[in-house]
Each structure stands twice: as C-alpha cells, then as structure tokens.
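Read through the structure below, which is laid out as structure tokens, and then see the notes.
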Amino acid sequence: MRIIRFPLICFFIIASSQKVFAEFSNYGKVSSFNNKIVSDSSNVKENKSYIQNELRKFINFVDLEIANNGNNPNDQIIGLEIISDTKLTTEDLFLAKGNVIARTNSIVLNSDQFEYNSKSNILIIRGNIKLKTQDQFLLASEIKYDTKNKQGYILDAYGSINFDTLNSIKIDNVDDRNLKSRVDFNDKDKSINNVILNNSNNLKFSKQKVKLELNNMQKWRFETTKIEIDNDRWFSEELLLTNDPYNYPQVVIKNKNFESLNKNDQITIKTKWSTLILDKKLKIPTGPRRIKLGELQNLKWGVGYDQNSKDGLYITRNSNPIYFGNDKAELNLKKEFYLQRALLGHTKSFTKQDSSLYTPKIKQNSKFSDLFGISGKLSSKIFGFDFDSEFEINSLDINKFNNIFRAKNTLEKVLFSEDKKDFSKETKLTFFTNYNENIWNGSLGEREILSASGIRIGKKNNTSNNNVNKSSVMAFGYGTYQSNKNGIGTENIIRDRLNILLEKNLSYPLWKEKEKKNISQDYIYTPEIIQKSIYLNMTAKVDLYRYNDDNFQDLYTFKIGPEVTLGNFKRKYFDFTKFSIYPKLTLAEGKSPFDFDQAVDNHAVELTLKQQLIGPLALKVKSDYNLDVNSKKYQKFTNTIYEIDLNRRAYNISLFYNQQNKTGGINFKIYSFNFDGYGDRFK
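Residues in the sequence shown are numbered from 1457 upward in steps of one, following my numbering.
Here is the structure:
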C-alpha cells in the first residue's frame, strides 16, 4: 500500500484545485409601453424562457397594469384578465377572492385569493395556487412578492418544466384579440398522460468522454418546501428533481442549497451538493453542481478500464468547464489516476525510450509521473466552422512525449441540411489533423497512425416510407498519412490517400406489430414500448482507395440478414429478446501500403443478442464469427463485446467489456420523456 497511498493523496489534491470562470451581463428590465409588455433585449430569439422568468414577468405585468388601471371596473385590465367570485378595489388595494382566475395570453393562474397593495408594492396570492405557461406548471400554497425590492417567497412549490420549450415562451403584444388563444387549464392537466421517450442523457465511465448532456433533457418535475426570491436569484435549502413521469420515481436528484440565477434571460443552476437517488435505495453523490441550461455538464468522478493505454483500471475527475472569448470557446478537462498501474508498480503501455513507436510495448517500472494523466476537449467557433480539439496524455513523464500524447482536431461546417418528418439530408465539410491515433484492424491487431491531416466532404440522406427505412452516404476524402509500412511493423512511411465512399442501407419490415407510442406506469423495465418485429436489413458499400505510390484498394462489401425483436419487457423472466444475424462478404482488389487500412477478415457473420434474464437484468453479446480462410482468426469469434444491463423505466446502468482491445467501463443513462400534465407530488 506504500506505493499507492502518496500518489492517491496527490491526485485528490490536484483534482480539488480547479477554477470556475463565468461571465454574466445585466438583465434587461421589463417595462410598459403602449399597454404592451416589451423586453429591453434587442434580440428576442436569444431570450431563454423558464417558469422562473415567466412568473417574474407576470408579477411585473400585474404591478404595472393594476397600478395604472386598477380602478377599471371591468374584469379585464388592458392585457390582464382577472375573474373571481368577489372583488374589492380601493385607492391602494386590489383584492379578488374565491375561484380567482388571472390570465394573460401566455399564463393562467388559479387561486383562492389574489391581493395587490399598490402603496406597499406587495403582491400576495394564497390557496390552491396553480400556474400554467404552455406545458409548464407551478403549484403552491402561497406566493408573496415585494415588487419594489424584488423579494419574496413561494411555499410548497411543485411543478414540471419542459427544457425543450424554454426559449419559446414570452409575454408580449397582449390585446383583447388574443384572449381566445390564451393558455388555460383543462381536465387532463392533473393526470400524467401521453408519455413518450425522447432521448437519453449519457453518463459514461469508460475510455470515452464522461459527460451528462443536459441539453437533451426535456420534461422534469420538481418539488420543494420553500423558494426564496431575491431579485433574479431563486434559492431553496432542498429541492428535488425527477425525470420520471410516474410516482414512485425511479430517479430523484436531491439538491442541497439549490440556487437558480437568471442573468440576461439565461438560467444558471448551482447547488452546494447533489445526490442521485435510484429507486429510493442507491445514492450516488455527484457533488457541487453548476449548470447553464442548454449546455453540456460533466459528472465529477468516473472509473474506466483500458488495458493497452492505461494498464487497466483508472479513476477520473472532471473539472468544471472553462469559458473564454466571450463564452465562444469551452474547455473541458479530465484528470486521471491510473490505479492499476500504481498497484502493480509497472506499466506495459509504452515502447522502450528513444525507440520507434511501431516497436512492441515493453514491461517497465512505472514512475511517479506515470500514475497521472489528463485529457480534454476544446470547442469553439472559427469563421462559421465548429472547431473541436480532443487530446489525451496518459502519463506526465515528458521524456515519453511521443508515446503519451494523442490529439484529434476537426474543423467542420454543415453546408446544407434539411430535416422533415419522413426524410433528412445533410452535407458536411471537415478538415482534420490527428496525431498518434490508435486503430484496431481486426486480426492484424492495434496499429498506430503517427499523423494524419486532410479534408473530407460527405453527404447523408435518410428516408422513411411505409416503415421502410433507407439511408445513403457519399463521401470524398483526401489526406496525408504517416504510419508503418504494410507487413513491416517498424518501417515508417508517408503517403497521400484518396478515398471515395458510397454506401446504401435498407431496412424492410417482414412483420411488425401495430405501433404504440405511449407507456403507462406498469412499464418499470423499459422507457418505451417494445416494438415486436422482424426486419430484413441490407447494406451495400463501395470503398475506393488510391495512394500516391500507385497502390490501390477497391473494397465491395455486402451484408444482409434479419433483425428480430420479441417480448414486452414487462414480466420478470425472459420477456425480451432481440437478435440479429448478418452474413458479410467483402470483395477486395489491390493492396494498401499501410497496415492500418489493409482489408482483412473479409468474410464473417456479425451476431448480436440481447436477452432479458430476470427482472431488470439483461445480457448483451456482440461478436463476429470469422470465415475468411486467409485470416489468422479463421473460424474464431472476434470483436466480441459483453454487456450486462440493469434496465429501468427512468435509467439504465450497463457494465461492458471489449475483449478485442481490452477496454471496458460503465455506462449510465438517464432517460428523457415528453408527457402532458403535472401529476401528484412525489416527495
């Protein structure tokens, strides 16, 4: 243990030293002009809307309209409509009691009592409060707000937020003609219905990036005892969030000292500490959080497995994103500690010092600097292009720089895109430069590309008609590559390569059960209805390679086979099976000067099976059975990936291992739903 203790302490010290850079601009005030609500912001499209924004705007609207028009005897005060059983209006007081309905074109509020004192600037709403703005809801027992000092509170708050429509709600251009189109409550608002899976937010503990994609979040429910309001800041000592539409929720995020700050109509959420609770049993601490809605956010801690590059098990810790250049550039850093390397005291991830990168890796004692690494991603915009730079350093020993540093850089621009219900098209231009890239080429094993740079342009089409799905890819690429010579692992060569790719895919339903979209509360193992079906899938691909030394490769690949899905994934035993069998044939002409793109294993059968075992547990196996008589792996299974899944309606946890390149890890998915209604409190 003496080997590991001191490096671990150092890792935690390094991991805990991080800075957060944030830049905020002043928030535009709401004002009244010609009986309309307008925003000082000059760019309406950039405004983000949230129930926090909408309630603030609504209160400002009430303040202005009642103060200016409070003596109007009619229910409607310019753009604000207030209906109640009784109403009292004095010089300083406006009071509505009994079945109160206050409405603008984008918000409706129901309560037992609605009171505004224009002298003290105090607004009080009490009893059975329900507020609706489009498909977002807020329920509470009392709201009190000082419109002059911008302070107040909300008691017993519960509601739902749709992250997909945050930028589409605004209060403006209110007049009598818009009353018929205004938001209103209906009988279906109370119950949760029309539940449909949107997509998933991935937390990956593996060789891949560790991140939570919050911009994919859609409808979530929240609950708290009290929200304190101070200007643009909302604060709660404890606030619960769940993505699960149904009670009892399978996923709850418990947030301590929750703070929601509105600056320039951009919502930033901060918590002192957050805990992820799964099925009210497993608690996963996620630590302090700082989230800008609509942006990516990293999970702090992770674990992964990479035998070839990191000697096995390793621990990661993500820093908060760093923004610079007026928030146009974002840098995400991940610190790594190589646990297995520290425990063993040696490493097999590097070649001998001063030797070629193409020589075999050797066993050598690990230095203190070999126990730490860092990886990151820089994203920015350059002249209308998306720039991404990913890098990885799997040791801090600078004497091994050629061994330890890897980088991939891309500069991309979508030249054309079209997305409709039954088809989508996209044409993209990409410039790339890579350094020290590992490529796994079947039975030839891992091969190294020392450097590569070039250009790609590709066009993708997808169509769907009568359950027949078609897709096509056309791509052109040209670049300069530096790697080892074909068949001679230690000889370095540099060649230019031209690549033309043509690919067609067809998925044809031989049988398909009538499609159902919405799930009910009894779907506890899956977030979506299993679509029982038998599809015939076909792929035809042409890869043409030309090299500047007169070498060439022409590859013609054909793949066809069934994909079968059976079961409902609702019962406890063997109620879900999905398997596919794809015989693959590749006809190859010519020879590459490189090892990394030489065609091998040209005849195989691709096999995939996922089977529910018991309850939420399912086993997935994917492998290729090699039928190429010229291959070293003839009549053997290759590219085998094992995966064990814990499947739930609201989340999925999977443990996987890739036998070929000896990598593995844990994937954690939080599913995202769309649904109507707000349901019952879940605390």
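C-beta: ideal position from N, C-alpha, C; glycine also.
Remember, it's a predicted structure, so these values are computed and weren't measured experimentally.
Going by CA-CA distance only, name the one from the options that's closest to residue i.
| i | options | result |
| --- | --- | --- |
| Phe1841 | Asp2005, Lys1869 and Asn1821 | Lys1869 |
| Phe1570 | Ile1538, Lys1644 and Arg1745 | Ile1538 |
| Lys1968 | Leu2022, Gly1943, Gly1935 and Leu1957 | Leu2022 |
| Ile2112 | Val2085, Leu2075 and Glu1882 | At residue 2112 the sequence reads Phe, which differs from the Ile that was named. The shortest C-alpha separation from Phe2112 is found at Leu2075. |
| Gly1829 | Leu1789, Ser1730, Leu2073 and Leu1734 | Leu1789 |
| Val1556 | Tyr1702, Arg1582, Gly2017 and Leu1871 | Arg1582 |
| Leu1536 | Ala1558, Leu1551 and Thr1546 | Ala1558 |
| Ser1909 | Lys1864, Ser1880, Met1930 and Ser1873 | Lys1864 |
| Tyr1779 | Lys1837, Leu1966, Leu1885 and Tyr1937 | Lys1837 |
| Leu2069 | Asn1955, Phe2030 and Val2056 | Phe2030 |
| Met1994 | Phe2008, Asn1925, Lys1808 and Ile1740 | Asn1925 |
| Leu1954 | Lys1973, Gly1933 and Gln2067 | Gly1933 |
| Glu2019 | Asp2010, Asn2004, Arg2027 and Pro2039 | Pro2039 |
| Lys1973 | His2059, Gln1987 and Gly1943 | Gln1987 |
| Glu1959 | Leu2011, Arg2002, Leu2073 and Ser1976 | Leu2011 |
| Asn1776 | Asn1764, Trp1757, Ser2128 and Pro1741 | Trp1757 |
| Ser1576 | Leu1900, Gln1590 and Lys1604 | Lys1604 |
| Asp1591 | Lys1646, Leu1549 and Tyr1609 | Lys1646 |
Give the DSSP-derived three-state secondary structure of residue i in the structure shown.
| i | result |
| --- | --- |
| Ser1775 | coil |
| Lys1766 | helix |
| Ile1905 | strand |
| Asn1859 | helix |
| Asp2031 | coil |
| Asp1826 | helix |
| Ala2044 | strand |
| Asp2132 | strand |
| Gly1898 | helix |
| Leu2075 | strand |
| Lys1492 | Model confidence at Lys1492 stands at a pLDDT of 27, short of 50, so the residue's coordinates are unreliable; what they give is reported in the following sentence. If DSSP states are grouped into helix, strand and coil, Lys1492 belongs with the strands. |
| Gln1796 | helix |
| Ile1733 | strand |
| Ile1580 | strand |
| Ser1473 | Bear in mind that a pLDDT of 37 at Ser1473, under 50, signals an unreliable position, so the number given afterwards is only what the model happens to contain. Reduced to three states, the DSSP call for Ser1473 is coil. |
| Ile1975 | coil |
| Ile1685 | strand |
| Asn2123 | strand |
Should residue i be labelled buried (16 or more other beta-carbon atoms within 10 Å of its own) or exposed?
| i | result |
| --- | --- |
| Tyr1991 | buried |
| Glu1947 | exposed |
| Asp1810 | exposed |
| Lys1833 | buried |
| Asn1634 | With a pLDDT of 45 at Asn1634, under the threshold of 50, the predicted position of this residue should be treated as unreliable, and no value is reported. |
| Leu1738 | exposed |
| Gly1554 | exposed |
| Ser1873 | exposed |
| Arg2027 | exposed |
| Gly1935 | buried |
| Phe1443 | Within the shown structure, residues of the chain are numbered from 1457 to 2139, placing residue 1443 beyond reach of any answer. |
| Val1998 | exposed |
Taking 7 Å as the limit between beta carbons, can you name the residues of its chain near residue i, skipping five residues before and five after?
| i | result |
| --- | --- |
| Trp1896 | Glu1902, Gln2116 and Asn2117 |
| Asp2136 | Asn1703 |
| Ser2087 | Ser1899, Val2056 and Asp2057 |
| Leu1871 | Thr1883, Lys1884 and Leu1885 |
| Asp2005 | Arg1951 and Pro2049 |
Just to confirm, is the Cβ distance from residue i to residue j under 8 Å?
| i | j | result |
| --- | --- | --- |
| Ile2037 | Val2061 | yes |
| Thr1727 | Asn1718 | no |
| Tyr1704 | Lys1736 | yes |
| Leu1579 | Lys1586 | no |
| Lys2139 | Glu1715 | no |
| Ser2048 | Asn1942 | yes |
| Gly1615 | Tyr2134 | yes |
| Asn1566 | Phe1641 | yes |
| Ser1649 | Asp1978 | A quick correction: the sequence has Asn, not Ser, at residue 1649. No; because the gap between Cβ atoms is not below 8 Å, this pair is not in contact. |
| Asp1853 | Lys1823 | yes |
| Gln1706 | Leu1732 | no |
| Asn1918 | Ser1963 | no |
Leaving out five residues before and five after residue i in sequence, what residues of the same chain have Cβ atoms less than 8 Å from its Cβ?
| i | result |
| --- | --- |
| Asn1858 | Leu1813 and Asn1892 |
| Phe2093 | Ser2079, Asp2080, Tyr2081 and Asn2082 |
| Leu1906 | Leu1813, Tyr1891, Asn1892, Gln1938, Ser1939 and Asn1948 |
| Asn1921 | Asp1878 |
Hey, is residue i's beta-carbon within less than 8 Å of any beta-carbon in chain B?
| i | result |
| --- | --- |
| Leu1795 | No chain B is present in this structure, which holds just one protein chain. |
Beta-carbon within less than 6 Å of residue i's beta-carbon, same chain only, minus the 5 sequence neighbours each way: which residues are those?
| i | result |
| --- | --- |
| Glu1786 | Pro1777, Tyr1779 and Ser1835 |
| Pro1983 | Leu1653, Arg2105 and Tyr2127 |
| Gln1593 | The question names Gln, yet the displayed sequence has Phe at residue 1593. Only Gly1615, Ser1616 and Tyr2134 meet the Cβ criterion. |
| Pro1701 | Ile1648, Val1651, Phe2129 and Phe2131 |
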